[in-house]
Amino acid sequence: MKRFERKILADLFKSSNGLFAYTFFERYKVKPDEIATFIEKYESLNLIIFVENKLLLTAKGREELKISKRKESTKNMGFNIPEEFTVNRIGINELYLPDITKLSKNILILQNNGDGEETCT
Amino acid sequence: MKKYIRKDFYKLIRLYYKQKWLRERKMEVEELLKFCDTDIQKDIVIDLLEEFSFLNQVTYQDNLNKVCDYIINKSGFSEETTQIVALTKSESADSGQAVLYHLRNSLFGLGWRKYKDVNKLGSAKKIYNQGFKQIILFDEFIGSGQTIICRVNELKGLIGEQFSFSCCFIAGMDYAISNIQNFGIPVFCPLKLKKGISERYSGSELRQAEDEMLNLELKLAPWINKKELYTYSFGWKGSEALYSLEGCFGNTPNNVFPIFWWMKDIRDRDRKHLLTRVESGF
Numbered sequence: 001m002k003r004f005e006r007k008i009l010a011d012l013f014k015s016s017n018g019l020f021a022y023t024f025f026e027r028y029k030v031k032p033d034e035i036a037t038f039i040e041k042y043e044s045l046n047l048i049i050f051v052e053n054k055l056l057l058t059a060k061g062r063e064e065l066k067i068s069k070r071k072e073s074t075k076n077m078g079f080n081i082p083e084e085f086t087v088n089r090i091g092i093n094e095l096y097l098p099d100i101t102k103l104s105k106n107i108l109i110l111q112n113n114g115d116g117e118e119t120c121t
Numbered sequence: 122m123k124k125y126i127r128k129d130f131y132k133l134i135r136l137y138y139k140q141k142w143l144r145e146r147k148m149e150v151e152e153l154l155k156f157c158d159t160d161i162q163k164d165i166v167i168d169l170l171e172e173f174s175f176l177n178q179v180t181y182q183d184n185l186n187k188v189c190d191y192i193i194n195k196s197g198f199s200e201e202t203t204q205i206v207a208l209t210k211s212e213s214a215d216s217g218q219a220v221l222y223h224l225r226n227s228l229f230g231l232g233w234r235k236y237k238d239v240n241k242l243g244s245a246k247k248i249y250n251q252g253f254k255q256i257i258l259f260d261e262f263i264g265s266g267q268t269i270i271c272r273v274n275e276l277k278g279l280i281g282e283q284f285s286f287s288c289c290f291i292a293g294m295d296y297a298i299s300n301i302q303n304f305g306i307p308v309f310c311p312l313k314l315k316k317g318i319s320e321r322y323s324g325s326e327l328r329q330a331e332d333e334m335l336n337l338e339l340k341l342a343p344w345i346n347k348k349e350l351y352t353y354s355f356g357w358k359g360s361e362a363l364y365s366l367e368g369c370f371g372n373t374p375n376n377v378f379p380i381f382w383w384m385k386d387i388r389d390r391d392r393k394h395l396l397t398r399v400e401s402g403f
């Protein structure tokens with residue numbers, strides 16, 4: 001992925017009504033042929049649409065960007081969270097049952113700290 | 122950094138989106154738009170480019186395959202008695218010979234191996250006398266139809282007796298194909314094109330588009346050596362063609378609007394022309 005593509009996708013993610021293609025020329029000096037290539041590439045992946053000179057993320061595009069942003073932010077924070085834990089946020093008071101078979105062994109080793117309390121390391 | 126006007130920016134996006142090949146010729150496209158004095162001229166040029174048939178390796182091969190299919194399955198000709206003749210008369214390298222060479226490969230792959238390919242019209246009689254009495258005349262492009270009518274008459278004179286024949290082209294102007302069919306010449310052409318302006322615009326829009334194209338042509342050099350622009354106004358014989366083959370596959374036909382390939386402007390300066398035409402005498 002080219003740098004300007006990343007920037008355009010990030011801007012589209014922040015916008016709710018899409019952005020005019022010319023905006024990206026003004027912001028990042030992206031030329032018409034580059035925009036055309038960008039549209040062709042991401043339209044074929046069903047991530048964006050180009051309507052009346054505006055670029056918009058599709059529902060699929062928004063969802064995929066949400067996932068990739070989440071991955072990126074956890075990576076930047078120094079966590080390497082396995083994919084199975086990066087599910088959608090659960091609602092308040094919603095029942096959550098962790099799938100124990102997917103937890104790593106390290107997490108499941110119970111230690112006795114000597115104060116009668118068992119903790120996970 | 123080049124500055125774009127907002128509306129031009131959107132026109133260019135649509136153009137580059139539709140015509141991928143132009144993304145490799147940005148400089149020439151922008152030069153061409155700079156050559157235009159008015160928005161209307163720009164709109165016409167962009168519209169013509171959007172309509173342009175520029176065959177790349179894949180689309181060219183696709184059309185070659187259609188010609189092969191016609192020859193093998195629909196012409197009614199037999200492999201043992203057919204000769205395929207390039208519509209070439211002169212000594213110079215020619216697009217008819219180039220496409221015949223490419224067709225040879227495709228036909229071979231499809232199992233046609235006993236027919237004869239002949240790269241010069243003048244040799245057809247010799248091959249005819251060897252028993253290849255069904256003749257297919259083959260060329261890349263039919264612009265006005267004038268050449269094919271002349272060549273068919275020449276061939277008839279050369280052979281001197283009744284023989285069955287057919288003509289095949291990769292691409293051609295629809296009106297020219299109808300014309301030569303009216304002369305009783307059987308034609309197969311997988312890619313039929315409309316005239317760029319007169320068959321796509323009507324009424325006042327047509328008059329305006331013609332005037333604007335003439336104004337653009339007036340900005341080109343009226344002569345390049347001994348070649349006069351007037352002869353090629355709106356393309357040879359006013360064909361108004363919007364067609365070319367990619368790279369070394371072919372030469373841009375002179376039937377294409379000269380604003381796309383004429384090499385010099387009115388001040389005799391070299392232009393960054395979008396398409397290349399090898400024209401003897403340039």
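These protein sequence lines are chains G and C, in that order.
Residue numbers for the first sequence follow the working numbering, beginning at 1 and rising by one.
Residue numbers for the second sequence follow the working numbering, beginning at 122 and rising by one.
Beta carbons are placed, not taken as given, at the ideal position from N, Cα and C, and that holds for glycine.
From a predicted model like this one, the values you see are computed outputs, not experimental measurements.
When we look at the beta-carbon of threonine 121 of chain G and count the other beta-carbons within 10 Å, is it buried (16 or more) or exposed?
Because threonine 121 of chain G sits at a pLDDT of 47, beneath the cut-off of 50, its placement in the model cannot be relied upon, and the point is left open.
Measure the C-alpha to C-alpha separation of proline 98 of chain G and lysine 71 of chain G and round it to an integer number of angstroms.
20 Å
Quick one: complete beta strand (DSSP E) runs, 3+ long, within the region 151 to 228 of chain C?
174 to 176 and 203 to 207
Just checking my contact of valine 308 of chain C with isoleucine 298 of chain C at CB under 8 Å: how many whole Å lie between their CB atoms?
5 Å
Chain G within 8 Å of isoleucine 134 of chain C, Cβ atoms only:
yes
Please report how far the alpha carbon of glycine 406 of chain C lies from the alpha carbon of aspartate 389 of chain C, in whole angstroms.
Because chain C is modelled from 122 through 403, residue 406 of chain C falls outside the range shown and cannot be assessed.
Once you ignore the five residues that flank phenylalanine 198 of chain C on each side, which residues in its own chain have a CB closer than 6 Å to its CB?
Gln255
What three-state label does DSSP hand tryptophan 357 of chain C in the structure shown?
helix
Which residue marks the beginning of the beta strand (DSSP E) containing isoleucine 257 of chain C, and which one marks its end?
255 to 263
So, helix, strand or coil for aspartate 129 of chain C, using DSSP?
helix
In the DSSP assignment, the beta strand (DSSP E) including isoleucine 291 of chain C goes from what residue to what residue?
285 to 294
Checking contacts by CB at 8 Å: is tyrosine 125 of chain C closer than that to chain G?
yes
Please state the DSSP three-state secondary structure of aspartate 391 of chain C.
Strand, per DSSP.
Taking C-beta pairs closer than 8 Å, name the residues in chain C that glutamate 64 of chain G reaches, listed in chain order.
Within chain C, no residue comes near glutamate 64 of chain G; the closest Cβ sits about 22 Å away, beyond 8 Å.
For arginine 398 of chain C, which option in C/Arg146, C/Asp391, C/Phe381 and C/Lys195 has the closest C-alpha, if you only look at C-alpha atoms?
C/Phe381
Suppose you measure from the CA of glutamine 178 of chain C to the CA of leucine 224 of chain C; what does that come to, to the nearest Å?
13 Å
Contact set between isoleucine 39 of chain G and chain C, taken where Cβ atoms lie within less than 9 Å
Ile134 and Tyr138
Inter-residue CB distance, phenylalanine 50 of chain G and isoleucine 67 of chain G (contact presumed, cutoff 8 Å):
About 23 Å; that fails the 8 Å criterion.
Among C/Leu314, C/Glu261 and C/Asn372, nearest to alanine 362 of chain C - alpha-carbon criterion:
C/Leu314
Three-state secondary structure (DSSP) at serine 73 of chain G?
helix
Chain G contact residues for lysine 147 of chain C, given Cβ-Cβ distances below 7 Å
Asp33
According to DSSP, what are the bridge partners of phenylalanine 20 of chain G?
In the DSSP output, where bridge partners are listed per residue, phenylalanine 20 of chain G has G/Lys54.
Nearest-angstrom Cα separation, counted from glycine 217 of chain C out to isoleucine 192 of chain C
Distance between the alpha carbons of isoleucine 192 of chain C and glycine 217 of chain C: 16 Å.
Contact set between phenylalanine 25 of chain G and chain C, taken where Cβ atoms lie within less than 7 Å
Tyr125 and Phe130
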